[in-house]
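The next block holds one structure in the form of structure tokens; read it before the comments.
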Ligand code: HAM
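In this note's numbering, the protein residues as written are 60 to 473.
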């Protein structure tokens with residue numbers, strides 16, 4: 060048998076109600092906050108992510124499904140949505156057609172990571188992005204929206220962590236301070252950290268290697284190196300979050316694994332999910348639109364991992380069962396049963412039928428196993444009276460209903 064590729068997963072019918080719940084709530088919330096849906100291709104030019112996500116990131120260094128297509132062009136399955144959305148925003152001049160460009164997309168992303176619970180090679184994200192607004196009120200609204208999404212899904216035991224990674228004015232001084240503080244300790248750090256020291260020293264805070272922690276814990280904090288403008292912005296974001304009564308923690312170790320961030324970054328983590336506990340993450344990226352060839356516009360957004368939201372959803376008895384089974388008694392009544400099934404489906408009832416001319420007893424057994432509430436029995440006696448028999452499975456009670464009344468009768472009994 061040919062199985063799925065490592066890190067790829069089927070989403071089975073039994074899990075689908077949970078997925079649909081997440082997607083429905085996500086769409087509703089995006090609508091309430093004024094976001095319009097956008098769908099970008101799964102395949103983009105490789106250089107979009109090399110430039111956008113950043114050459115020094117793990118995503119670009121080791122995780123992209125990149126290849127030359129049959130025409131020899133370097134393309135990749137998208138590892139994240141943000142650069143593609145920026146590209147579409149610029150390419151289609153969306154600034155002109157949307158008063159505030161607030162965009163969302165739902166769909167699969169691809170990263171060649173080591174698969175484990177909550178981490179897959181094909182995974183799905185809700186991604187939201189806003190362009191052209193630099194004010195701190197939007198940072199707080201985006202963060203508050205992310206918190207609203209999580210709580211609207213009934214997910215509890217989470218924490219919101221925020222940080223500011225500064226801007227091109229103040230970050231060089233902070234990077235320099237980090238390297239200075241590391242000094243002779245640098246060679247004692249892991250290989251990844253040594254590489255980060257040259258490519259992007261802030262990413263040393265991402266290090267999870269236990270032996271490195273005493274050194275990393277002793278490093279300076281980004282907050283102490285923010286320029287006045289970034290400090291004022293970060294304080295204003297926190298002020299709005301307090302006005303929303305939104306609890307948060309400030310963590311200087313939240314630097315996030317993508318190169319484009321400026322100023323605010325944030326994550327919502329589940330306290331229940333184990334190692335892969337980031338439900339969503341995002342931040343501001345005020346230089347990215349310009350970097351990718353567009354006008355000089357601010358940008359901010361976040362992406363939520365749908366697999367992780369589905370994993371964190373509270374249990375609920377939400378299996379969608381069929382409503383009705385139409386049982387034809389005798390070969391002669393099968394056509395009448397199928398025609399009745401069509402009418403029930405047109406009335407909005409989830410309706411099953413038997414395709415194999417089984418006995419009445421076998422059809423009842425099937426109906427029972429499928430979990431339907433009612434069986435509609437189409438037999439000679441009933442049809443002769445212009446009726447069908449409706450059996451309620453929970454009570455075993457059955458009664459005759461006029462054929463042309465059966466849809467209304469079942470709808471009112473649901
Ligand atoms: P990210 O932190 O790389 O950010 O991913 C966002 C979320 O996607 C994570 O918090 C996690 O829930 C989910 N995720 C990431 N990788 C995997 C994986 N291998 N398997 C399952 N879930 C995963 C971004 O992607 C940015 N584009 C977010 C953003 C938008 N920043 C600004 N705008």
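Every residue, glycine too, gets a C-beta built ideally from N, C-alpha and C.
inquiry  = Assuming contact is defined by CB atoms lying nearer than 8 Å, are residue 169 and residue 181 in contact in what I supplied?
reply    = One-based indexing of the chain shown puts residue 169 at position 110. One-based indexing of the chain shown puts residue 181 at position 122. Their beta carbons are under 8 Å apart, which means residue 169 touches residue 181 by this criterion.
task = Whole angstroms is fine: what's the gap from residue 198's alpha carbon to residue 275's?
result = As a position in the chain shown, residue 198 is number 139, starting the count at 1. As a position in the chain shown, residue 275 is number 216, starting the count at 1. Looking at the two C-alpha atoms, the distance is approximately 28 Å.
query = Does the Cβ of residue 151 have 16 or more other Cβ atoms within 10 Å, making it buried, or fewer, making it exposed?
reply = The residue given as residue 151 occupies position 92 in the chain shown. So residue 151 ends up on the exposed side.
Environment of residue 229 [buried if 16+ CB atoms lie within 10 Å] = By 1-based counting over the chain shown, the position of residue 229 is 170. Buried, since its Cβ has 16 or more Cβ neighbours within 10 Å.
task = Starting from residue 103, follow the alpha helix (DSSP H) in both directions and report where the run begins and ends.
result = Counting from 1 along the chain shown, the entry for residue 103 is found at position 44. No alpha helix (DSSP H) contains residue 103, which is instead part of the beta strand (DSSP E) from 102-104.
ask   = What span of residues does the alpha helix (DSSP H) with residue 474 cover, start to end?
value = For the chain, the structure presents residues 60 to 473; residue 474 sits outside this window and is missing.
inquiry  = For a test of your reading of the model: does the CB of residue 170 fall under 7 Å from any non-hydrogen atom of the ligand HAM? Yes or no.
reply    = Translated into the one-based positions of the chain shown, residue 170 becomes position 111. Yes, since a heavy atom of the ligand HAM falls inside the 7 Å radius drawn around the Cβ of residue 170.
key: Beta-carbon proximity list for residue 133, same chain, < 6 Å, skipping 5 on both sides   = As a working mapping, residue 133 is identified with position 74 in the chain shown. Cβ within range, chain order: 105 and 127.
request  = Please work out which residues of its chain come closer than 7 Å, Cβ to Cβ, to residue 378, disregarding the five sequence neighbours upstream and downstream, and give them in chain order.
outcome  = Residue numbering aside, residue 378 sits at position 319 when the chain shown is read from its first letter. Contacts found: 76.
inquiry  = Looking at the secondary structure, which residues open and close the beta strand (DSSP E) in which residue 329 lies?
reply    = Reading the chain shown from its first residue, position 270 is the one you call residue 329. Looking at the DSSP string, the run of the beta strand (DSSP E) that includes residue 329 is 323-329.
ask   = DSSP on residue 335, reduced to helix/strand/coil?
value = Position 276 of the chain shown holds residue 335. The answer is coil: DSSP assigns residue 335 none of H, G, I, E or B.
request  = Could you please give the first and the last residue of the uninterrupted alpha helix (DSSP H) stretch that includes residue 233?
outcome  = Taking the first residue of the chain shown as 1, we reach residue 233 at position 174. Run containing residue 233: 230-241, per the alpha helix (DSSP H) assignment.
query = Beta carbon of residue 141: closer than 7 Å to some heavy atom of the ligand HAM?
reply = Your numbering for residue 141 matches position 82 in the chain shown. Residue 141: yes, Cβ under 7 Å from the ligand HAM.
N- and C-terminal bounds of the beta strand (DSSP E) containing residue 410 = Against the chain shown, residue 410 aligns to sequence position 351. Residue 410 -> beta strand (DSSP E) spans 410-412.
request  = Assuming residue 385 contacts residue 396 (C-beta within less than 8 Å), just tell me the rounded distance between them.
outcome  = Locating residue 385 in the chain shown gives position 326, where the first residue counts as 1. Locating residue 396 in the chain shown gives position 337, where the first residue counts as 1. Between residue 396 and residue 385 the Cβ distance is about 5 Å, and since that is below 8 Å, they are a contact.
ask   = Just how far apart, CA to CA, sit residue 399 and residue 79?
value = The residue you call residue 399 lines up with position 340 of the chain shown. The residue you call residue 79 lines up with position 20 of the chain shown. Spanning the two alpha carbons is a distance of roughly 29 Å.
key: C-alpha gap between residue 303 and residue 269, whole angstroms   = Here residue 303 is taken as the residue at index 244 of the chain shown, counted from 1. Here residue 269 is taken as the residue at index 210 of the chain shown, counted from 1. Their backbone Cα atoms lie some 37 Å apart in a straight line.
request  = Label residue 192 either buried or exposed according to how many other C-beta atoms from any shown protein chain fall within 10 Å of its C-beta, with 16 as the threshold for buried.
outcome  = As a working mapping, residue 192 is identified with position 133 in the chain shown. That one is buried.
Where residue 458 falls, given that 16 or more other Cβ within 10 Å makes a residue buried = Residue mapping note: residue 458 aligns to position 399 of the chain shown, counting from 1. Answer is exposed; the Cβ neighbour count stays below 16.
query = Any contact of the segment 90-99 with the segment 108-121, i.e. 3+ C-beta pairs under 8 Å?
reply = no
ask   = Can you tell which of 278, 232 and 218 has its C-alpha closest to the C-alpha of residue 243?
value = To locate residue 243, count along the chain shown from 1; it is residue 184. If we check each option's Cα against that of residue 243, 278 comes out closest.
ask   = Which same chain residues, not among the five before or five after residue 315, have their C-beta less than 7 Å away from its C-beta?
value = For the purposes of this step, residue 315 is taken as the residue at position 256 of the chain shown. 324, 340 and 342.
query = Where residue 137 and residue 333 are concerned, what is the direct C-alpha to C-alpha distance, given to the nearest angstrom?
reply = Numbered from its first residue, the chain shown carries residue 137 at position 78. Numbered from its first residue, the chain shown carries residue 333 at position 274. Rounded to the nearest angstrom, the two C-alpha atoms are 26 Å apart.
task = Can you have a look at residue 206 and say buried or exposed, based on whether 16 or more other CB atoms are within 10 angstroms of its CB?
result = As a working note, residue 206 is residue 147 in the chain shown. Looking at its Cβ environment, which holds 16 or more other Cβ atoms inside 10 Å, residue 206 is buried.
inquiry  = Using only the alpha-carbon positions, how far apart do residue 411 and residue 443 sit?
reply    = What you label residue 411 is simply residue 352 of the chain shown in a count that begins at 1. What you label residue 443 is simply residue 384 of the chain shown in a count that begins at 1. Computed Cα separation, rounded: 23 Å.
query = Hey, residue 461 and residue 438: beta-carbon distance below 8 Å or not?
reply = Residue numbering aside, residue 461 sits at position 402 when the chain shown is read from its first letter. Residue numbering aside, residue 438 sits at position 379 when the chain shown is read from its first letter. It is not a contact, given that the beta carbons lie outside the stated cut-off.
query = What number of angstroms, rounded off, separates the C-alpha of residue 59 from the C-alpha of residue 273?
reply = This structure cannot speak to residue 59, because the chain is shown only from 60 to 473.
task = Leaving aside the five residues before and after residue 67 along the sequence, list all residues of the same chain whose C-beta is less than 8 Å from its C-beta, in chain order.
result = Locating residue 67 in the chain shown gives position 8, where the first residue counts as 1. So the qualifying residues of the chain are 179, 180 and 181.
key: Runs of alpha helix (DSSP H) wholly within the segment 60-100 (minimum 4 residues, chain order)   = 72-91
task = Run the proximity test for residue 186: is its beta-carbon closer than 7 Å to any non-hydrogen atom belonging to the ligand HAM?
result = Position 127 of the chain shown, counted from the start, is the residue given in the question as residue 186. Yes, the ligand HAM has a heavy atom inside 7 Å of this Cβ.
message = Just verifying my parser: in three-state terms, what is the DSSP assignment at residue 350?
response = In the chain shown, the residue the question calls residue 350 occupies position 291. In the structure shown, residue 350 sits in a helix (DSSP, three-state: H, G or I).
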